[in-house]
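This report refers to the structure that appears directly beneath it.
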Amino acid sequence: MLGWFDANLVSILNGFAIGALLFVLAVGLSIVFGMMDVLNLAHGAFFLVGSYLAVSFVAGDSWGGFLTALGVAAVVGLLAGAVLSGMTEPLARRPILDQALLTLGISLVVAEVLSIVYGNDVRSVSPPPGLDGSVDVAGSAYPTYRLMLIGVGLVLALVVWLVVERTSVGALVRASVADREMVSAMGIDNRKVKVAVLGIGSMLATVAGVLAAPVYGARPGLDETILLLALVVVVIGGLGSIRGALIGALVIGQVESLGRALLPDLASFILFGTLALVLIVRPRGLFAGKVAHS
Numbered sequence: 111m112l113g114w115f116d117a118n119l120v121s122i123l124n125g126f127a128i129g130a131l132l133f134v135l136a137v138g139l140s141i142v143f144g145m146m147d148v149l150n151l152a153h154g155a156f157f158l159v160g161s162y163l164a165v166s167f168v169a170g171d172s173w174g175g176f177l178t179a180l181g182v183a184a185v186v187g188l189l190a191g192a193v194l195s196g197m198t199e200p201l202a203r204r205p206i207l208d209q210a211l212l213t214l215g216i217s218l219v220v221a222e223v224l225s226i227v228y229g230n231d232v233r234s235v236s237p238p239p240g241l242d243g244s245v246d247v248a249g250s251a252y253p254t255y256r257l258m259l260i261g262v263g264l265v266l267a268l269v270v271w272l273v274v275e276r277t278s279v280g281a282l283v284r285a286s287v288a289d290r291e292m293v294s295a296m297g298i299d300n301r302k303v304k305v306a307v308l309g310i311g312s313m314l315a316t317v318a319g320v321l322a323a324p325v326y327g328a329r330p331g332l333d334e335t336i337l338l339l340a341l342v343v344v345v346i347g348g349l350g351s352i353r354g355a356l357i358g359a360l361v362i363g364q365v366e367s368l369g370r371a372l373l374p375d376l377a378s379f380i381l382f383g384t385l386a387l388v389l390i391v392r393p394r395g396l397f398a399g400k401v402a403h404s
């Protein structure tokens, strides 16, 4: 067993790095859908926007460009979430399929615009200075940047959990989910809460795109691939659950990495087999949170 672990250490660490990126992306999708009842299929397109922002601002090995890309991505994500909130508000009382079609249309438009602006070639992004090398992990060389991603994912998980579970802002969001009418009776505009949650969720997607750029680069079609993985994470973890998003992301990260390393021809079957198994045992996901109802 120990020999197998040593032989596959790099793939296991890659699984944690992929899982960390998927968490940053999926936790926003999970909260927005699970708590605000908005199915945002444009989430992957927002991720791709972040990746191309990294292409635009990161010239060579530059911390300044990388931090600028993160800052711009955060602002763009917040604005995108606010716009999306306004566009989905008229559909709040209609079937979820209407939201899905709207956000899917937004995703297609955004992807096409990015393809026109940046072309169809794969664009690469260099990690910032100091994170562009490798470190020795149990005798194996492993990229420093990917280790940083693992740390960022864990820190973000803790921050999001503290905000949602231990702050007045989180209490307001949870109250809006539990009883919107009572929150409205207290003079709080539920629409502003929805705008804030959608803005933060979209911001996490664009920021995840910047963080992922040194690993995946930026290319047409990446938005669809990453959205599919994020949806699998959300379904496995359970809607509205931060813990579920983290566990689901780490599980899918390992399945994706080890599956492609050990059984590349069966990787997709293993991925969706894991999803099917979880749904058979826990139809609402491993840690289903409270889901909003219109």
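Oh and the sequence shown: position 108 is 218 in this note's numbering, straight run, nothing missing.
All C-beta atoms, glycine included, are put in the ideal place defined by N, C-alpha and C.
Tell me the start and end of each unbroken alpha helix (DSSP H) in the region 343 to 398 that is at least 4 residues and wholly inside, in chain order. 352 to 372, 377 to 391
Considering only residues of the same chain and omitting the five flanking positions on each side of Thr384, which have a CB-CB separation below 6 Å? Val365
Residue range of the alpha helix (DSSP H) that Asp208 falls in? 206 to 228
Go ahead and label Phe382 buried or exposed: buried means 16 or more other beta carbons lie within 10 angstroms of its beta carbon, across all protein chains shown. exposed
Nearest residue (CA-CA) to Glu334, options Val137, Glu222, Ala164, Gly129: Glu222
With distances taken between CB atoms, is the gap from Gly363 to Gly129 smaller than 7 Å? yes
In this structure, what does DSSP give as the bridge partners for Ala251? Asp246
Which same chain residues, not among the five before or five after Val227, have their C-beta less than 8 Å away from its C-beta? Tyr162
Is DSSP giving Ala183 helix, strand or coil here? helix
Should Leu220 and Ala164 be called a contact, given that it needs their Cβ atoms to be closer than 7 Å? A small correction: the amino acid at residue 220 is Val; Leu does not occupy that position in the sequence shown. It is not a contact, given that the beta carbons lie outside the stated cut-off.
Could you give the DSSP three-state label for Ala152: helix, strand or coil? coil
Roughly how many angstroms lie between the CA atoms of Gly348 and Val269, to the nearest whole one? 19 Å
Report buried or exposed for His403, applying the criterion of at least 16 other Cβ atoms within 10 angstroms of its Cβ. With a pLDDT of only 44 at His403, under the threshold of 50, the placement of this residue in the model should not be trusted; the figure read from the coordinates follows. His403 should be labelled exposed.
So, is Ile390 buried or exposed, given that buried needs 16 or more other C-beta atoms within 10 angstroms? exposed
Classification of Arg203 by the beta-carbon crowding that lies within 10 angstroms, buried from 16 upward: exposed
If we ignore side chains and look at the alpha-carbon of each, how far apart do Leu372 and Val388 end up? 22 Å
Once DSSP output is grouped into helix, strand and coil, what is the label at Arg233? strand
Does the distance from the C-beta atom of Gly327 to that of Arg392 stay below 7 Å? no
As a quick exercise: from Met292, Asp375, Gly263, Ile206, pick the residue whose alpha carbon is nearest that of Ala136. Gly263
Using the beta-carbon count (16 or more within 10 Å), is Pro200 buried or exposed? exposed
Contact check, Gly311 vs Ile141 under 8 Å by CB: the rounded distance? 6 Å
Buried or exposed by the 16-neighbour rule on C-beta atoms within 10 Å, applied to Gly187: buried
Out of Val159, Met292, Arg301, Ser121, point me to the one whose CA is closest to Leu314's CA. Val159
Mind checking which residues open and close the alpha helix (DSSP H) that includes Pro324? 300 to 326
State the DSSP-derived secondary structure class of Pro238, mapped to helix, strand or coil. coil
Integer Cβ distance of Tyr252 from Leu123, believed to fall under 8 Å: 6 Å
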